[in-house]
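Written out below as structure tokens is the structure these notes cover.
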Amino acid sequence: MSSNDMPMTAVEALAEFAGRYTDPAAVQALIAEATHELTGRTVVYPADPATARRFVLRRHRDISGVSGVGDVADGVLWPDGTAVVRWRGEDPSTVHWDRGRTSVDRIHGHGGATEIVWLDQDDEQPTVPGPRPAVEAPLVVRRILDRALHTPVPCPKCQRTSLCRCLGADRTEGRIDAVLKALAPWLNTGTDTAA
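Residue numbering for the sequence shown follows our numbering, beginning at 1 and increasing consecutively.
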């Protein structure tokens with residue numbers, strides 16, 4: 001890497017590393033699966049025929065006593081599964097959830113007091129891609145990945161591997177580094193001797 005080049009992200013490093021040992025479709029599937037596992041998002045590629053889907057949050061009972069009843073918020077479910085909600089009223093705000101509809105239902109559903117009402121007609125509903133079919137990896141690679149994904153990762157602020165109270169501490173880069181480290185011996189040898 002020259003001094004003018006930007007450093008690679010862990011995901012870019014994983015893709016480049018895996019690309020040395022397998023075909024592009026397998027690399028793409030690995031990145032898509034890792035992204036879904038780590039963030040809950042589905043990777044949407046330019047060729048995918050997916051569009052956003054609009055909804056409102058319709059509140060039947062105001063549990064919190066703040067937003068009232070009726071259509072209290074407008075939302076969009078993006079093709080990758082994330083959701084954005086814009087609250088109506090005198091103090092509007094916008095909230096983004098990486099885990100999409102699951103988070104919206106869990107946080108604002110209030111046991112059926114609020115429902116998601118889709119605004120798109122049935123014949124207009126976009127295709128939202130599900131997880132891509134997995135390219136079958138050798139058993140040893142699956143075991144290595146499973147172990148790396150379940151090994152505790154230290155907090156980048158306090159270095160604890162258990163739950164901590166550090167605000168804004170994101171362990172994603174550490175998790176990706178752990179996956180790269182776990183895969184390195186197998187990818188370097190190309191045999192089933194690692195792990």
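Beta carbons are placed, not taken as given, at the ideal position from N, Cα and C, and that holds for glycine.
Quick one: measure Cβ to Cβ for R171 and C155, integer angstroms, because I've assumed they're closer than 8 Å.
-> Indeed they touch by this definition, with Cβ atoms about 7 Å apart.
What are the residues that DSSP puts in a beta bridge with D71?
-> Beta bridge pairing from DSSP links D71 with R58.
Does DSSP put I144 in a helix, a strand or coil?
-> Note: I144 maps to helix in three-state DSSP.
For A113, I'd like the list of residues in its chain whose CB is within less than 8 Å of its CB, leaving aside the five on either flank, ordered along the chain.
-> In chain order, R59, H60, R61, D62 and I63 place their CB closer than 8 Å to the CB of A113, counting only its own chain and leaving out the 5 sequence neighbours on each side.
Minimum Cβ-Cβ distance from A113 to chain D less than 8 Å | Here chain D cannot be found, since the structure has a single protein chain.
Inspect the CB distances between the stretch 29-36 and the stretch 68-76 and report whether three or more fall short of 8 Å.
-> No, because fewer than three Cβ pairs between the stretch 29-36 and the stretch 68-76 fall closer than 8 Å, the two stretches do not touch.
Beta-carbon contacts of G89 that lie in its chain and below 8 Å, excluding the five residues immediately before and after | Only S67, G68 and V72 meet the Cβ criterion.
Could you check where the beta strand (DSSP E) with T94 kicks off and where it finishes?
-> In the DSSP assignment, T94 falls within the beta strand (DSSP E) that extends over T94 to W97.
Other residues of its chain near P93: CB distance less than 8 Å, five sequence neighbours each side excluded | One point to set straight first is that residue 93 is Ser, not Pro, in the sequence displayed. The answer, listed in chain order, is R86 and W87.
Where E173 falls: helix, strand or coil (DSSP) = E173 falls in the helix class under three-state DSSP.
Check R86 in the structure and name its three-state DSSP category.
-> In the structure shown, the three-state DSSP call for R86 is strand.
Cβ-based neighbour list, A169, same chain, cut-off 8 Å, excluding 5 preceding and 5 following = Here the set comprises C155, P156, K157 and C158.
Go through its chain and collect everything with a Cβ distance to C164's Cβ below 7 Å, but skip five positions before and after it.
-> When the five nearest sequence neighbours on each side are left out, the beta carbons in the same chain lying within less than 7 Å of the beta carbon of C164 are those of C155 and C158, in order along the chain.
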